[in-house]
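Here the structure comes first, spelled out in structure tokens, and everything after it is commentary.
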Amino acid sequence: MVTFSLIIDFLYQKSMKIIFIILFLIGFGSTSSFAQTYFPFPDSVGIWRETSIFYQQNSNGITFKNIFINGDTIINGDSYNKLYIYSCGQYIISDTYPIPAFDCPIDTSTSIYYGALREVNKRIYFYPDSNFGYYNFCSNSIFNGDFLLFDFNSTIGDTVYYMPFDSSYMVINSIDSILIQGQYRKKYNYSFQSALPDCWGSSNYVEGIGDIYAGLFSHITSYFENGEFLNCFEDNQVTFSNNGGCVTNSLNEFVNENDLKIYPNPTSNKLYVELEHPTRTKVSLFDISGKEVYSSFINQSKSIIDVSSFKSGLYLVKVVNENGSSKSKLINIY
Numbered sequence: 003m004v005t006f007s008l009i010i011d012f013l014y015q016k017s018m019k020i021i022f023i024i025l026f027l028i029g030f031g032s033t034s035s036f037a038q039t040y041f042p043f044p045d046s047v048g049i050w051r052e053t054s055i056f057y058q059q060n061s062n063g064i065t066f067k068n069i070f071i072n073g074d075t076i077i078n079g080d081s082y083n084k085l086y087i088y089s090c091g092q093y094i095i096s097d098t099y100p101i102p103a104f105d106c107p108i109d110t111s112t113s114i115y116y117g118a119l120r121e122v123n124k125r126i127y128f129y130p131d132s133n134f135g136y137y138n139f140c141s142n143s144i145f146n147g148d149f150l151l152f153d154f155n156s157t158i159g160d161t162v163y164y165m166p167f168d169s170s171y172m173v174i175n176s177i178d179s180i181l182i183q184g185q186y187r188k189k190y191n192y193s194f195q196s197a198l199p200d201c202w203g204s205s206n207y208v209e210g211i212g213d214i215y216a217g218l219f220s221h222i223t224s225y226f227e228n229g230e231f232l233n234c235f236e237d238n239q240v241t242f243s244n245n246g247g248c249v250t251n252s253l254n255e256f257v258n259e260n261d262l263k264i265y266p267n268p269t270s271n272k273l274y275v276e277l278e279h280p281t282r283t284k285v286s287l288f289d290i291s292g293k294e295v296y297s298s299f300i301n302q303s304k305s306i307i308d309v310s311s312f313k314s315g316l317y318l319v320k321v322v323n324e325n326g327s328s329k330s331k332l333i334n335i336y
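With our numbering as the guide, the letters of the sequence shown map in order to residues 3 to 336.
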């Protein structure tokens with residue numbers, strides 16, 4: 003015979019299970035929401051500090067530039083944020099001349115209007131200025147409106163078409179995350195295909211920033227014997243540095259801030275990588291087209307990379323430790 007106390011005990015256990023399930027679902031929902039926090043593109047303050055690399059008269063050169071948001075505008079009834087560009091000098095890199103430090107303070111009075119950005123439903127659109135030849139875009143078409151720059155709604159396996167770019171398209175190969183100042187942002191890893199020469203490659207773009215290696219317009223720009231590298235991105239919420247400092251590209255700054263030495267620079271034979279606190283670390287070299295030409299793992303304090311067979315030019319050395327933190331450095335191989 004079932005007693006009254008047994009019935010009460012049964013109902014109590016049943017209610018506790020229901021409460022536990024409700025609390026679990028609430029907790030799961032809040033955790034999921036936190037993990038899916040979206041970081042929009044900047045709409046008032048945003049600076050992309052980049053280094054352009056070019057080949058000129060049998061030598062390599064670099065130009066520093068800032069692409070930045072300054073004000074807003076209305077185009078065809080839509081609200082946009084205006085983009086400007088300010089460049090600082092050209093430096094020819096010789097066999098004995100080191101890569102100069104990034105030093106390019108913005109002068110808004112002499113900056114050039116570049117175009118305008120807007121975000122709609124996690125999609126970033128760009129409306130270029132009428133001076134189309136300035137961009138070296140992967141297109142033979144004439145632009146008469148804005149076009150899709152980044153789609154943060156994409157999922158793995160999606161194909162994103164760039165209609166103004168002569169049937170160019172992007173395939174999302176994978177999606178992971180990157181930790182920037184204590185918060186994880188989605189990182190979309192893609193391959194870009196185009197019928198035009200020098201308009202293809204693989205890279206990534208990150209929520210609220212864009213391509214964290216090759217700059218804001220890297221995936222739709224034609225690179226023939228040249229390339230772009232992102233030094234730093236800044237807005238009113240975050241600062242992302244790709245080489246140890248937002249205002250420098252010097253080796254000394256790189257060493258002091260990251261317990262890392264990469265030398266000599268320039269070099270023609272061997273490249274040394276020293277870690278003050280050695281852990282399992284991946285070292286990769288990329289040429290100016292963005293192609294990975296070398297990759298290996300090191301875990302000792304001093305490692306040697308043979309670069310004697312490398313083609314002369316500028317290369318990006320990328321170092322990633324076991325925690326996923328990465329730093330980059332431009333070197334000259336002659």
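C-beta: ideal position from N, C-alpha, C; glycine also.
Among the options, nearest to residue i - alpha-carbon criterion
{"i": "S205", "options": "F152, G91, S243", "result": "F152"}
{"i": "L181", "options": "Y164, V173, I211, G48", "result": "I211"}
{"i": "G175", "options": "Y186, G184, Q185, V162", "result": "Position check: residue 175 holds Asn in this sequence, whereas Gly was assumed. Selected option, being the one with the closest Cα: V162."}
{"i": "N78", "options": "D308, N146, G315, V285", "result": "N146"}
{"i": "Y127", "options": "Y116, K284, T110, L150", "result": "L150"}
{"i": "Y353", "options": "S113, S243, S303, L316", "result": "Because the chain spans 3 through 336 in this model, residue 353 falls outside it and cannot be assessed."}
{"i": "F312", "options": "S330, P280, L273, N325", "result": "L273"}
{"i": "F66", "options": "N123, F231, I222, S330", "result": "F231"}
{"i": "S286", "options": "I307, P42, Y336", "result": "I307"}
{"i": "E294", "options": "V319, S310, N244", "result": "V319"}
{"i": "P268", "options": "Q239, V309, G229", "result": "V309"}
{"i": "V322", "options": "I76, N233, P280", "result": "P280"}
{"i": "D80", "options": "N301, N271, R120, I55", "result": "R120"}
{"i": "I335", "options": "K284, Y296, N271, Y215", "result": "N271"}
{"i": "T75", "options": "S111, G117, L218", "result": "G117"}
{"i": "Y115", "options": "E278, F56, L85", "result": "L85"}
{"i": "L332", "options": "D148, F288, R51", "result": "F288"}
{"i": "L278", "options": "D109, Q302, S113, S89", "result": "Checking the sequence, you will find Glu at residue 278 rather than Leu. Closest by alpha carbon: Q302."}
{"i": "V122", "options": "V240, Y192, Y207, Y82", "result": "Y82"}
{"i": "I64", "options": "K263, G91, P42", "result": "G91"}
{"i": "G73", "options": "I55, T110, P42, F41", "result": "T110"}
{"i": "M172", "options": "K188, F154, K284, Y192", "result": "Y192"}
Under the three-state DSSP convention, the category residue i falls into
{"i": "S193", "result": "strand"}
{"i": "S303", "result": "coil"}
{"i": "S220", "result": "helix"}
{"i": "C361", "result": "Lying outside 3 to 336, the shown extent of the chain, residue 361 is not represented and no answer is given."}
{"i": "N334", "result": "strand"}
{"i": "N68", "result": "strand"}
{"i": "V240", "result": "coil"}
{"i": "G91", "result": "strand"}
{"i": "N83", "result": "strand"}
{"i": "F36", "result": "Only weak support is given to the placement of F36: the predicted model assigns it a pLDDT of 38, under 50, and the question is left unresolved by the model."}
{"i": "T161", "result": "strand"}
{"i": "V309", "result": "coil"}
{"i": "R51", "result": "strand"}
{"i": "Y129", "result": "strand"}
{"i": "E294", "result": "strand"}
{"i": "K329", "result": "strand"}
{"i": "I264", "result": "strand"}
{"i": "D213", "result": "coil"}
{"i": "R120", "result": "strand"}
{"i": "I108", "result": "coil"}
{"i": "V322", "result": "strand"}
{"i": "T281", "result": "coil"}
{"i": "D178", "result": "strand"}
Burial state of residue i, where buried means 16 or more other Cβ atoms lie within 10 Å
{"i": "T39", "result": "exposed"}
{"i": "S196", "result": "buried"}
{"i": "P44", "result": "buried"}
{"i": "V275", "result": "buried"}
{"i": "F299", "result": "exposed"}
{"i": "R282", "result": "exposed"}
{"i": "P107", "result": "exposed"}
{"i": "I158", "result": "exposed"}
{"i": "K304", "result": "exposed"}
{"i": "S330", "result": "buried"}
{"i": "P130", "result": "buried"}
{"i": "D213", "result": "buried"}
{"i": "R261", "result": "For the sequence presented, residue 261 should be read as Asp rather than Arg. Exposed, by the Cβ-count rule."}
{"i": "Y265", "result": "exposed"}
{"i": "A184", "result": "A small correction: the amino acid at residue 184 is Gly; Ala does not occupy that position in the sequence shown. Result: exposed."}
{"i": "T53", "result": "buried"}
{"i": "E324", "result": "exposed"}
{"i": "E209", "result": "buried"}
{"i": "F256", "result": "Reliability fails at F256, whose pLDDT of 34 lies under 50, so the model's placement of it is uncertain and the value that follows must be treated cautiously. Buried, since its Cβ has 16 or more Cβ neighbours within 10 Å."}
{"i": "S297", "result": "exposed"}
{"i": "S132", "result": "exposed"}
{"i": "S314", "result": "exposed"}
Integer-rounded CB distance, given that residue j should sit under 8 angstroms from residue i
{"i": "S156", "j": "Y190", "result": "6 angstroms"}
{"i": "S46", "j": "I87", "result": "In fact, because the Cβ distance is near 18 angstroms, the residues do not count as touching under 8 angstroms."}
{"i": "S170", "j": "F194", "result": "7 angstroms"}
{"i": "I49", "j": "N68", "result": "6 angstroms"}
{"i": "N238", "j": "R51", "result": "That belief does not hold up - the Cβ atoms of N238 and R51 are roughly 16 angstroms apart, past 8 angstroms."}
Cβ of residue i within 9 angstroms of any chain D Cβ
{"i": "I335", "result": "The displayed structure is made up of one protein chain only, and chain D is not part of it."}
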